[in-house]
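Quick notes on the structure that follows.
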Amino acid sequence: MEALVSTVKAKRVIIFGHSHVWALRAAWKTGSFTPNTDHFSLEIPLCGTKQFPGDLINYNARGAEQINAALLSVLNTHPPAGANDVYLASVCQGNAYNAVGLLLEGPAFDFVVPGYEALPLNDGADLVPFGAIKSLIQRQCIGLTALMHRLSKLGYAGIMHFEAPPPIEDGDFVAEKLRQNNEINNSTAIVNDKYVRLKLWLTQTLIMQEICDAAGVRYVREVPATSNEAGFLADEYKKDAVHANFLYGVELLSCCERIVQDWNH
Amino acid sequence: MGKSYNCPYREMPATSNWRKAIEAVKANDVDPVVSVKFGLESSEKIATAGSCFAQHVARYLKQEGGSYFVTEPGNRVLGSEILEEFNYGTFSARYGNIYTTRQLLQLIKRAYGEFVPNDDVWVTEDGFVDPFRPFIQPGGFGSLREYRLDRERHFAAVRSLFEEMDVFVFTLGLTECWESTVDGAVYPICPGCGVGNFDPTLHRFKNLNFSETYADLQSALSRLFDINPNLKVILTVSPVPLVATAEPRHVLSSTTYSKSVLRAVAGEIAEKDQRIDYFPSYEIITGNYSRGGYYEKDLRSVTEPGVNHVMRTLFAHYYGREIASYRPSHKQAVASNDRGPKVNVVETASSKAARVVCDEENLETAMS
């Protein structure tokens, strides 16, 4: 009897991004995550700003867009047409919402996110327009918008973008971790209200959804079962002030595998 | 006929005499203010409201060290660019353009809960819009809850403004307006022109006449004096012509009618009350001594040198000082009368800096 030759084409995912990728790499390198099938493999060549420095998109002297050099080098190593179906998974710019309001650096503010009107509102805080907050976060995501459009034209089997994990509910934990890591050296620095941080994250998710929809990129908003009932990152997945741990990485990679296996071309 | 030696005009000051006050004076030096009823201190909190031109007053107060009073400044997390985009600080509170005296009166009543218009909110594809400040928020409010909360806080800011301001500068802009057929609520712009939907069963045109304009302004100011007895008021009339008229007549005739009514009302009201002064920014810009040179090419927008002339006159009389932005180059900005219309040659501020938010201009877009 002749040996059966598999006709299933292997699927390879190239994951790149900034600081949130560390949780994935830890899950992968420690063997905490193992794929369910031999036909799935992944690589995490760009992780954090040291390996993935600079803007996502640069402009040459004639104003033409150019993909970040480190990412371009990876793409050349893993071209879309090859023996495997190659998928790209971005975990970029997950902290745009934290840059806006992880810490309270002026008078307290709060806002109403459409679709989440029931979330508590701090009556003593300035009410700022949702549209203004959205605009503030959007301005930090211009590079990602351009990058998603560029990547979607390169002919890869699929492109997905993973949202950053939701914020950590416990503000004291966040403050303590920031101090431990010398990310704040001012003892008077105030971590923003937990619901404001959650609303900022929700706003970021709405922006990322729009960016991905416009570019034809699959957007993965939440990794199932990693948040608590209120929508914050569940305690077992906390790593530091803004990042999730390797257990979260395991969940995300499992989620990634499921998505790729079920990918409907 | 013998010579006359006792003509009373002979004893009158030069400012009363056209030849001495206008013909013999360089256009740039024309100063139609003879006296003011009160002076201003830099520490006095000045609130501004009114038509688009009111924003120039606010801008100069900010840059020249006057105490521009803002009770709805927005949270600084948004940064200056977004704050400006969302009209924080454009007006003393985020009420948008207040073109008519009736709008002012109704704003006061609405802020104090004395009038709740039937027209509550306009729902658009982009978001929820406040019918009475339809362009205050780009894209509208994101949810009904946000809209209601913002309006509540806005009214609180308006009340603080009225109760704490020392000086109220109100620029009268229009007599033509559109009102609700249900309860007479007046809109800053005709519904359906740029935002909202026009419904002839719900909206009708109204051109406020002298008596109505007078009564509205009188009521509004009386109410403000009740709230804030030590208040000083400066009334001005916007020199900006109408974008369009809804009267069956030429827009030029409608502009003349509206501005004449507003000027007469402002003068009449100021005449009767020592706490109220009239400042002639309208005359400075529209006066024929400048040969139309204080208008841009559209003959509607006011040039920066024109605004500068108004503001340095205001600062000179009320604050007793020159403004820093009155640089020597300005002195040649408006040619003397005999040199004709070489008047708008000097633009000291960039057009961006001089940008004004003018809801009425949405009519232009809506008509095209």
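As they're listed, the protein sequences go chains W and P. Residue 1 is where the first sequence starts when you use the numbering used here, and the numbers rise one by one after that. Residue 266 is where the second sequence starts when you use the numbering used here, and the numbers rise one by one after that. Glycine included, each C-beta is placed from N, C-alpha and C at the ideal position. All values reported here derive from a predicted model rather than from experimental measurement.
- The region 250 to 257 of chain W makes no contact with the region 198 to 208 of chain W: fewer than 3 CB pairs, one atom from each, lie closer than 8 Å.
- Cβ atoms of ASP240 of chain W and ASN181 of chain W come within 8 Å of each other, at about 7 Å.
- As the crow flies, the alpha-carbon of THR440 of chain P is around 34 Å from that of ARG586 of chain P.
- LYS285 of chain P is a Cβ neighbour of ALA279 of chain P, given a cutoff of 8 Å.
- Taking C-alpha positions only, ALA146 of chain W is separated from MET208 of chain W by approximately 12 Å.
- The beta carbon of PRO224 of chain W lies closer than 8 Å to those of GLU251 and CYS255 in the same chain, with the five residues before and after it left out.
- Secondary structure of LYS153 of chain W (DSSP, three-state): coil.
- When 8 Å is used as the limit between beta carbons, LEU136 of chain W is near these residues of chain P: VAL342, LEU343, GLY344 and ILE347, in chain order.
- A direct Cα-Cα distance of roughly 38 Å separates LYS268 of chain P from ARG528 of chain P.
- Membership of SER73 of chain W in any beta strand (DSSP E) is not indicated; the residue belongs instead to the alpha helix (DSSP H) covering 69 to 77.
- Taken in chain order, no unbroken stretch of beta strand (DSSP E) lies wholly in the region 381 to 407 of chain P with a span of 3 residues or more.
- The count of Cβ pairs closer than 8 Å, one atom from the region 46 to 57 of chain W and one from the region 134 to 148 of chain W, reaches three, so the stretches are in contact.
- The three-state reading of DSSP puts GLU309 of chain P in coil, since its state is none of H, G, I, E or B.
- Using a 10 angstroms sphere on the CB of MET632 of chain P, the tally of other CB atoms stays under 16, which defines it as exposed.
- Looking at W:ALA132, W:ALA118, W:ASP85 and W:PRO120, the one whose alpha-carbon comes closest to that of ASN340 of chain P is W:ALA132.
- If you draw a straight line from the Cα of VAL335 of chain P to the Cα of MET277 of chain P, it is about 42 Å long.
- Taking C-beta atoms under 8 Å as the contact rule, ALA358 of chain P and LEU426 of chain P qualify, at a distance of about 5 Å.
- Contact residues of the region 409 to 438 of chain P toward chain W are ARG410, GLU411, LEU414, ASP415 and ARG418 (C-beta to C-beta distance below 7 Å).
- Of all residues in the region 186 to 216 of chain W, none comes within less than 8 Å of chain P when Cβ atoms are compared.
- The bridge partners DSSP lists for TYR333 of chain P are P:ILE311.
- The alpha-carbon of LEU151 of chain W is positioned some 20 Å away from that of ARG139 of chain W.
- Here ALA450 of chain P is near ASN383 of chain P, since their CB atoms are less than 8 Å apart.
- Residues of the region 576 to 592 of chain P with a C-beta atom less than 9 Å from some C-beta of chain W do not occur.
- C-alpha of VAL128 of chain W to C-alpha of ASP110 of chain W: approximately 6 Å in a straight line.
- As summarised for the region 320 to 368 of chain P, the continuous alpha helix (DSSP H) elements at least 4 residues long and confined to that stretch are 344 to 350, given in chain order.
- Judged by DSSP secondary structure, ASP415 of chain P falls outside any beta strand (DSSP E) and instead within the alpha helix (DSSP H) spanning 409 to 429.
- Taken through DSSP and simplified to helix, strand or coil, ASN84 of chain W comes out as coil.
- When Cβ-Cβ separations below 8 Å define contact, PHE397 of chain P makes no contact with chain W.
- Chain-order list of chain P residues neighbouring LEU127 of chain W: LEU414, ASP415 and ARG418, by C-beta distance under 7 Å.
- Here VAL575 of chain P carries a helix assignment [DSSP, helix/strand/coil].
- At least one beta carbon of chain W lies nearer than 8 Å to the beta carbon of GLY407 of chain P.
- Of all alpha-carbon atoms in P:PHE435, P:LEU343, P:GLY532 and P:ASP538, the one lying nearest the alpha-carbon of PRO107 of chain W is that of P:LEU343.
- If you compare the alpha carbons of P:ASP448, P:GLU533, P:VAL299 and P:LEU414 with that of LEU467 of chain P, the shortest gap goes to P:ASP448.
- DSSP places MET160 of chain W in the uninterrupted beta strand (DSSP E) bounded by 158 to 162.
- When DSSP reads this structure, ASN58 of chain W sits in a beta bridge with W:GLN66.
- The Cβ atoms of PRO45 of chain W and ILE67 of chain W do not sit closer than 8 Å to each other.
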